[in-house]
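So the sequence lines, in the order shown, correspond to chains A and B.
Numbering that gives the first Met the number 0 applies: residue 0 is where the first sequence begins, and numbers increase by one.
Numbering that gives the first Met the number 0 applies: residue 0 is where the second sequence begins, and numbers increase by one.
Yeah, the Cβ is synthetic: ideal placement off N, Cα and C, and Gly gets one too.
Since the structure comes first, as structure tokens, the remarks are kept for the end.
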Amino acid sequence: MLKRLFMMLALALIALMFYDIAGNYSERSELTGISEHYASQGADELGAANLVASVVITYRGLDTLGEVTVLFISAAGASLLLRRRREDAAKEKQREYAESSEIVRTTLSILFPVILLFGVYIFINGHLTPGGGFQGGAVIASAILFFMLARPNESLSHMMLMRIESLSGFTYVMLGLLGVFLAGGFLDNRVLPTGEFGSLFSAGLIPLINILIGLKVGSELGSLLQKFKE
Amino acid sequence: MAISSIVLITGFLLILIGLWAMFVHKNIIRMIIGFSIIDTGIHMVMVALGYITGGTAPIFTDTITVANSSGNIVDPVPSALVLTAIVIGLGVTAIMLSYAVRIYQAKHSLSIDDCAEQKW
Numbered sequence: 000m001l002k003r004l005f006m007m008l009a010l011a012l013i014a015l016m017f018y019d020i021a022g023n024y025s026e027r028s029e030l031t032g033i034s035e036h037y038a039s040q041g042a043d044e045l046g047a048a049n050l051v052a053s054v055v056i057t058y059r060g061l062d063t064l065g066e067v068t069v070l071f072i073s074a075a076g077a078s079l080l081l082r083r084r085r086e087d088a089a090k091e092k093q094r095e096y097a098e099s100s101e102i103v104r105t106t107l108s109i110l111f112p113v114i115l116l117f118g119v120y121i122f123i124n125g126h127l128t129p130g131g132g133f134q135g136g137a138v139i140a141s142a143i144l145f146f147m148l149a150r151p152n153e154s155l156s157h158m159m160l161m162r163i164e165s166l167s168g169f170t171y172v173m174l175g176l177l178g179v180f181l182a183g184g185f186l187d188n189r190v191l192p193t194g195e196f197g198s199l200f201s202a203g204l205i206p207l208i209n210i211l212i213g214l215k216v217g218s219e220l221g222s223l224l225q226k227f228k229e
Numbered sequence: 000m001a002i003s004s005i006v007l008i009t010g011f012l013l014i015l016i017g018l019w020a021m022f023v024h025k026n027i028i029r030m031i032i033g034f035s036i037i038d039t040g041i042h043m044v045m046v047a048l049g050y051i052t053g054g055t056a057p058i059f060t061d062t063i064t065v066a067n068s069s070g071n072i073v074d075p076v077p078s079a080l081v082l083t084a085i086v087i088g089l090g091v092t093a094i095m096l097s098y099a100v101r102i103y104q105a106k107h108s109l110s111i112d113d114c115a116e117q118k119w
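Following this line, the structure appears as structure tokens:
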């Protein structure tokens, strides 16, 4: 009973804090500080139409590298925690999942390439439209999840997912290092010419890095899902 | 009431609901769901704080040009931060779920009361 009382008290205090913040909040009508600089200079400096992409990939590129690393570590940690002992693994081999219905299987064969293509579209156009590597990667992972639901007895090759993932991570860091020698610093996107504003081949390295992040996130989430299924 | 205040208050309410779920429930999976709700609430609060009155997505087009951008687009920095936070939240949730699987394998129960070794 006392515990419940303390809990209510804690929640009430947090609610009071939030009430104060929400009460004093008033909407801004203009950008301020660093965002103002990004909005006025970002397009000229980096040549990307999507400002969020230029912030994520170039201005705060180091954070994104850290984020990709966190995702990698969490995937590695999950596979460490979910590993099986050898005798369990042998038993698992014989386990058969129930076949999914014909509707799901037919839909898979129609929709699977379309979903993959949509994911690729999202990350290739990340510097022009709302989207980017992480979103496209999530769409690709949803295609992998769909595959697992429709054909539960087939499994994707772990080795292939791991190779795609480590290759794209490695290339990402190498492209970042190129910026140190050919442009302003680590992860600078002006290694390649910024090109015509608003066209597909513009914004220097941003589309390339988006593609790499998309592949990396897609394969990482795919292997996480596979681990949870097993 | 402005749009962003509604989003802000909804975000705060979600944080409170998630904390409530983490306090009340004994089942580990429900605690993880509570964590996810807190996570979503924090994202909503951050996006609301970045809203500019009448602003649209920070993407330059024919109508939104560099010259008139300052009052017409939302703040790109919180959006980028939320993009990062969503991915980190996903990674943390995956780790928590795999711990839950391990605890279930070891104790054959998902109740937090059965993990008494670390209790103070």
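Just checking: is the beta-carbon of residue 17(A) within a distance shorter than 8 Å of some beta-carbon in chain B?
As a first step, residue 17(A) is located in the first sequence; it is residue number 18 there, counting from the start. True, the Cβ-Cβ gap to chain B drops below 8 Å.
Are there 16 or more other CB atoms within 10 angstroms of the CB of residue 40(A), so buried, or fewer, so exposed?
The residue labelled residue 40(A) in the question sits at position 41 within the first sequence. Exposed: under 16 other Cβ atoms inside 10 Å.
Under 8 Å: do the stretch 24–43 of chain A and the stretch 52–66 of chain B share three or more Cβ pairs, one atom per stretch?
yes
Looking only at its own chain, which residues have a Cβ that is under 8 Å from the Cβ of residue 24(B), when we skip the five neighbours before and after it?
Here residue 24(B) is taken as the residue at index 25 of the second sequence, counted from 1. The residues are 30 and 33.
For residue 144(A) and residue 107(A), what's the separation of their Cα atoms in angstroms?
Here residue 144(A) corresponds to residue number 145 of the first sequence, with the count starting at 1. Here residue 107(A) corresponds to residue number 108 of the first sequence, with the count starting at 1. Between residue 144(A) and residue 107(A), the C-alpha separation is close to 11 Å.
Give the C-beta separation of residue 125(A) and residue 48(A) to the nearest angstrom, bearing in mind that I take them to be a contact with Cβ-Cβ under 8 Å.
Within the first sequence, numbered from 1, the residue matching residue 125(A) stands at position 126. Within the first sequence, numbered from 1, the residue matching residue 48(A) stands at position 49. Contact doesn't hold; Cβ gap of about 10 Å is too wide.
Nearest to residue 162(A) by alpha carbon, out of 97(A), 216(A) and 13(A)?
Position 163 of the first sequence, counting from 1, holds the residue named residue 162(A). Per the Cα distances, 216(A).
To be precise: take each residue of the stretch 73–87 of chain B, compare its Cβ to all Cβ atoms of chain A, and keep it if any distance is under 8 Å. Which residues remain?
74, 75, 76, 78, 79, 82, 83, 85, 86 and 87
Below 8 Å between beta carbons: does that hold for residue 208(A) and residue 174(A)?
Taking the first residue of the first sequence as 1, we reach residue 208(A) at position 209. Taking the first residue of the first sequence as 1, we reach residue 174(A) at position 175. Cβ distance < 8 Å, so residue 208(A) and residue 174(A) count as in contact.
Taking beta-carbon pairs under 7 Å, can you tell me which members of the stretch 18–33 of chain A lie near chain B?
21, 24, 26, 27, 28, 29, 30 and 33
Using a Cβ cut-off of 8 Å, which residues of the stretch 136–168 of chain A contact any Cβ in chain B, in chain order?
none
Extent of the continuous alpha helix (DSSP H) to which residue 18(B) belongs:
Position 19 of the second sequence holds residue 18(B). Looking at the DSSP string, the run of the alpha helix (DSSP H) that includes residue 18(B) is 2–23.
Helix, strand or coil: which one does DSSP assign to residue 36(B)?
For the purposes of this step, residue 36(B) is taken as the residue at position 37 of the second sequence. Note: residue 36(B) maps to helix in three-state DSSP.
So what does residue 55(B) bridge to, in DSSP terms?
Locating residue 55(B) in the second sequence gives position 56, where the first residue counts as 1. Bridge partners of residue 55(B): 72(B).
Consider the Cβ of residue 81(A): report whether some Cβ of chain B lies at a distance smaller than 8 Å.
Counting from 1 along the first sequence, the entry for residue 81(A) is found at position 82. By this cut-off, residue 81(A) is an interface position.
For residue 129(A), decide whether its Cβ has a neighbour in chain C, counting only Cβ atoms nearer than 8 Å.
Although the question refers to chain C, the structure presented lacks it and instead comprises the protein chains A and B.
Counted within 10 angstroms of its Cβ, other Cβ atoms place residue 104(B) as buried (16 or more) or exposed:
Indexing the second sequence from 1 puts residue 104(B) at position 105. With fewer than 16 Cβ atoms within 10 Å of its Cβ, residue 104(B) is classed as exposed.
Please check if any C-beta of chain B sits within less than 8 Å of the C-beta of residue 10(A).
Taking the first residue of the first sequence as 1, we reach residue 10(A) at position 11. So yes, residue 10(A) belongs to the interface.
Helix, strand or coil at residue 101(B) [DSSP, three-state]
By 1-based counting over the second sequence, the position of residue 101(B) is 102. The answer is helix: DSSP assigns residue 101(B) an H, G or I state.
Leaving aside the five residues before and after residue 113(B) along the sequence, list all residues of the same chain whose C-beta is less than 6 Å from its C-beta, in chain order.
Taking the first residue of the second sequence as 1, we reach residue 113(B) at position 114. Result list for residue 113(B): 106, in chain order.
Validate contact between the stretch 77–84 of chain B and the stretch 8–18 of chain B using beta carbons, cut 8 Å, 3 pairs
no
Exposure of residue 36(A), with buried meaning 16 or more beta-carbon neighbours within 10 Å:
Position 37 of the first sequence, counted from the start, is the residue given in the question as residue 36(A). Burial call: exposed.
Is the shortest distance between the beta-carbon of residue 49(A) and the beta-carbons of chain B less than 8 Å?
Within the first sequence, numbered from 1, the residue matching residue 49(A) stands at position 50. So yes, residue 49(A) belongs to the interface.
Whose C-alpha, out of 67(A), 226(A), 61(A) and 20(A), is nearest the C-alpha of residue 132(A)?
Taking the first residue of the first sequence as position 1, residue 132(A) is located at position 133. Closest by alpha carbon: 67(A).
Rounded to the nearest angstrom, how far is the Cβ of residue 100(A) from that of residue 164(A), given a contact under 8 Å?
Your numbering for residue 100(A) matches position 101 in the first sequence. Your numbering for residue 164(A) matches position 165 in the first sequence. In fact, because the Cβ distance is near 32 Å, the residues do not count as touching under 8 Å.
Since I believe residue 27(B) is in contact with residue 94(B) (beta carbons under 8 Å), could you give me their beta-carbon distance rounded to a whole number of angstroms?
If you number the second sequence from 1, residue 94(B) lands on position 95. If you number the second sequence from 1, residue 27(B) lands on position 28. No, residue 94(B) and residue 27(B) are not in contact; Cβ-Cβ is about 13 Å, not under 8 Å.
Quick check on the DSSP output: what are the complete alpha helix (DSSP H) runs of length 4 or more inside the stretch 64–142 of chain A, in order along the chain?
85–93 and 101–123
Evaluate residue 65(A) with the Cβ neighbour count: other Cβ atoms within 10 Å of its Cβ, from every protein chain shown; 16 or more gives buried, anything less gives exposed.
One-based indexing of the first sequence puts residue 65(A) at position 66. It counts as exposed.
List, in order along the chain, the chain A residues whose C-beta lies closer than 7 Å to that of residue 59(B)?
Numbered from 1 along the second sequence, position 60 holds the residue referred to as residue 59(B). Correct list: 42 and 48.
Bounding residues of the alpha helix (DSSP H) (the contiguous stretch that carries residue 219(A)):
For the purposes of this step, residue 219(A) is identified with residue 220 of the first sequence, where counting begins at 1. Residues 205–228.
Output the boundary residues of the alpha helix (DSSP H) element that contains residue 153(A).
Residue numbering aside, residue 153(A) sits at position 154 when the first sequence is read from its first letter. First-last for residue 153(A): undefined, no H or E at that position.
Would you check if the distance between the CB atom of residue 70(A) and the CB atom of residue 90(B) is smaller than 8 Å?
Taking the first residue of the first sequence as position 1, residue 70(A) is located at position 71. Taking the first residue of the second sequence as position 1, residue 90(B) is located at position 91. Contact flag set, yes.
Where does the unbroken alpha helix (DSSP H) through residue 14(A) begin, and where does it stop?
As a working mapping, residue 14(A) is identified with position 15 in the first sequence. Unbroken alpha helix (DSSP H) run through residue 14(A): 1–23.
Ignore the nearest five residues each way along the sequence and tell me which others in residue 2(B)'s own chain have a CB closer than 8 Å to its CB.
If you number the second sequence from 1, residue 2(B) lands on position 3. Here the set comprises 50.
If we cut at 8 Å on Cβ distances, does residue 1(B) have a partner in chain A?
The count along the second sequence starts at 1 and reaches residue 1(B) at position 2. Chain A contact via Cβ: present.
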